[in-house]
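Following our numbering, the numbering of the sequence shown begins with 171 at its first residue and continues without gaps. Remarks on the structure that follows.
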Amino acid sequence: MVSGLVTLVNTNSMKPPISPLGLDYLAQSLVERGLKVAVLDLCFSPDPLSEIENYFTKNHPRIVGINIRNTDDCVYASQDFFLPGIRRIVDEVKKRTSAPIVLGGSGFSVMPKRILGYYDINLGMVGDCEESFPLLIQHILKGRDIKGIPGLIYRDGNGLVSTGFPHLDLKELPLQSRDFVDNERYFEEGGMGSIETKRGCNQGCIYCADPLIKGKKIRLRPPDHVVWELKRLLQKGINYVHICDSEFNLPPEHAESVCQEIIKERVHTKLHWYAYCSPFPFAETLALLMHKAGGAGVACGVDSGSD
């Protein structure tokens with residue numbers, strides 16, 4: 171693997187602050203492949219453009235990844251649209267570095283080609299990027315053809331081309347140290363810890379972007395990997411955690427296994443966690459097990475007024 175600095179930029183400044191879980195996971199995979207990684211987190215910056223200028227004056231990465239977590243605030247009363255503000259960040263990065271820039275993140279994945287066009291960027295990635303992004307970096311820095319890399323959206327003479335949505339076997343991903351994002355500060359500033367126990371959603375809710383962002387194929391993480399990561403967050407003083415699964419209780423067997431592992435490792439005595447859940451099917455036995463495992467609350471969508 172080629173060496174060099176990769177800079178990952180977090181553009182999200184929503185408050186209460188939401189730690190960029192995807193950047194933490196992605197950075198882990200990059201480091202596992204011998205790359206040096208820095209996260210330029212603009213969430214708490216009073217002057218993001220000046221911080222970008224200062225950073226790139228001192229650092230010269232070979233690749234820059236920019237995370238777009240949200241396109242708007244998802245609040246009906248305010249309807250704050252983020253893309254124009256993020257555009258100023260992207261333009262400043264473009265001005266300060268000649269390194270290739272790659273866009274990604276959950277917000278980007280909702281409409282990747284539109285966002286690439288709006289920002290006049292040539293490269294973006296969707297799907298599980300822990301393998302494909304390091305591969306893209308390797309190909310770019312060695313001057314190889316990038317067109318076959320999964321999850322890539324690139325610009326050629328005919329416009330923007332997508333190579334598809336990659337799904338990884340999450341059992342093959344490394345254990346997550348959670349050392350690349352300042353998770354402690356997010357917690358101290360009023361946020362929560364975050365974690366995934368799986369990815370994907372096979373439901374068909376017409377209003378929801380999760381299948382676009384995470385894919386329709388459900389991929390499960392080993393429960394012992396999940397609990398190992400929860401212990402890392404607890405070591406950092408983070409004892410309130412949000413589980414970012416689309417629906418934690420689907421499939422129920424996986425939710426049960428995670429809860430049982432939490433209890434077995436006695437993490438439930440120190441941890442309070444919250445999750446999204448589907449109201450059906452949701453067995454009482456699972457709800458009781460979740461509570462025993464430290465579950466403090468669930469959010470259920472009122473999707474329909476009938477059955």
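By construction, the Cβ of each residue, glycine as well, lies at the ideal position given by its N, Cα and C atoms. Values in this document were obtained by computation on a predicted structure and should not be read as measured data.
Return the chain-ordered list of same chain residues with a C-beta closer than 8 Å to the C-beta of residue i, the five sequence neighbours on each side being excluded.
i, result
"Val-331", "Lys-317, Ile-323, Tyr-324 and Arg-325"
"Met-171", "At Met-171 the pLDDT is 45, less than 50, meaning the model places this residue with poor confidence; the figure from the coordinates comes in the next sentence. Excluding positions up to five away in sequence, the list reads Arg-203, Gly-204, Leu-205, Pro-304 and Gln-308."
"Glu-426", "Leu-456 and Leu-459"
"Leu-219", "Arg-258, Ile-259 and Glu-262"
"Asn-353", "Ser-189, Asp-194, Gly-363, Leu-403, Lys-406 and Ile-408"
"Asp-315", "His-309"
"Met-281", "Thr-241"
Spatial neighbours of residue i within its chain, please: C-beta separation below 6 Å, excluding the five flanking residues on both sides.
i, result
"Gly-360", "Pro-186"
"His-230", "none"
"Pro-451", "none"
"Val-179", "Leu-210 and Ile-236"
"Ile-291", "Ile-271 and Leu-273"
"Tyr-356", "Pro-187 and Ser-189"
"Met-184", "none"
"Lys-283", "Leu-330"
Which same chain residues end up closer than 7 Å to residue i when comparing Cβ atoms and leaving out the 5 residues on each side of it in sequence?
i, result
"Phe-335", "Val-296, Gly-297, Gly-321 and Gly-385"
"Trp-398", "Leu-345"
"Asp-117", "Nothing in the structure corresponds to residue 117, since the chain is present only between 171 and 477."
"Asp-250", "Asp-242 and Asp-243"
"Ser-215", "Glu-221"
"Ile-319", "Ser-302, Leu-305, Leu-306, His-309 and Thr-333"
Would residue i pass as an interface residue toward chain D - the criterion being a Cβ-Cβ separation below 8 Å?
i, result
"Ile-188", "As a matter of chain content, chain D is missing from the structure shown, which is built from one protein chain."
To the nearest angstrom, how far is it from the Cα of residue i to the Cα of residue j?
i, j, result
"Gly-313", "Leu-306", "10 Å"
"Thr-267", "Val-437", "44 Å"
"Glu-342", "Val-263", "33 Å"
"Leu-400", "Cys-244", "28 Å"
"Gly-465", "Leu-200", "32 Å"
"Val-411", "His-442", "6 Å"
"Asn-372", "Ile-388", "7 Å"
"Leu-273", "Val-396", "27 Å"
"Ser-189", "Ser-364", "7 Å"
"Val-260", "Tyr-289", "7 Å"
"Gly-294", "Glu-358", "32 Å"
"Ala-463", "Gln-430", "7 Å"
"Leu-191", "Arg-239", "10 Å"
"His-424", "Val-207", "33 Å"
"Gln-405", "Asn-328", "51 Å"
"Ile-285", "Ser-248", "22 Å"
"Asp-349", "Glu-454", "37 Å"
"Asp-194", "Ile-408", "15 Å"
"Arg-391", "Cys-447", "17 Å"
"Leu-311", "Ile-432", "42 Å"
"Asp-339", "Gly-275", "19 Å"
"Gly-478", "Ile-383", "This structure cannot speak to residue 478, because the chain is shown only from 171 to 477."
"Cys-265", "Ile-222", "The residue you asked about is not Cys; residue 265 is Lys in the sequence shown. Spanning the two alpha carbons is a distance of roughly 10 Å."
"Val-428", "His-337", "21 Å"
"Gly-287", "Ile-413", "33 Å"
"Tyr-487", "Asp-217", "A question about residue 487 goes unanswered here, because the residues of the chain that appear run from 171 up to 477."
"Leu-196", "Val-351", "11 Å"
With distances taken from CA atoms, which of the options is nearest residue i?
i, options, result
"Val-468", "Asn-419, Pro-218, Tyr-289 and Arg-232", "Asn-419"
"Cys-299", "Cys-414, Thr-333 and Ser-220", "Thr-333"
"Asp-394", "Gly-407, Glu-366, Gly-192 and Gln-373", "Glu-366"
"Thr-417", "Tyr-444, Val-179, Tyr-288 and Gln-430", "Correcting the residue type first, residue 417 is Glu in the shown sequence and not Thr. The shortest Cα separation from Glu-417 among Tyr-444, Val-179, Tyr-288 and Gln-430 belongs to Tyr-444."
"Pro-449", "Gly-471, Leu-311, Leu-459 and Lys-462", "Gly-471"
"Leu-175", "His-424, Gly-327 and Gly-235", "Gly-235"
"Thr-439", "Met-460, His-424, Ser-215 and Pro-422", "Met-460"
"Ala-379", "Ser-183, Ile-432, Ser-279 and Thr-177", "Ser-279"
"Leu-253", "His-337, Thr-181 and Tyr-446", "Thr-181"
"Leu-212", "Pro-381, Glu-435 and Ile-256", "Ile-256"
"Ala-269", "Leu-219, Ile-233 and Met-184", "Ile-233"
"Tyr-225", "Tyr-377, Val-428, Glu-354 and Thr-177", "Thr-177"
Could you tell me which residues DSSP pairs with residue i in its beta bridges?
i, result
"His-442", "Tyr-410"
"Ser-364", "His-412"
"Met-281", "Answer by DSSP bridge pairing: none, since Met-281 is not bridged."
"Ile-433", "None; Ile-433 has no bridge partner."
"Ser-332", "Ile-323"
Below 8 Å on the Cβ atoms is my contact criterion, and I expect residue i with residue j to pass it. Report the Cβ-Cβ distance as a whole number of Å.
i, j, result
"Thr-227", "Gly-277", "Going by Cβ atoms, the distance from Thr-227 to Gly-277 rounds to 28 Å, so no, they are not a contact pair."
"Leu-456", "Pro-422", "5 Å"
"Ser-347", "Gln-198", "6 Å"
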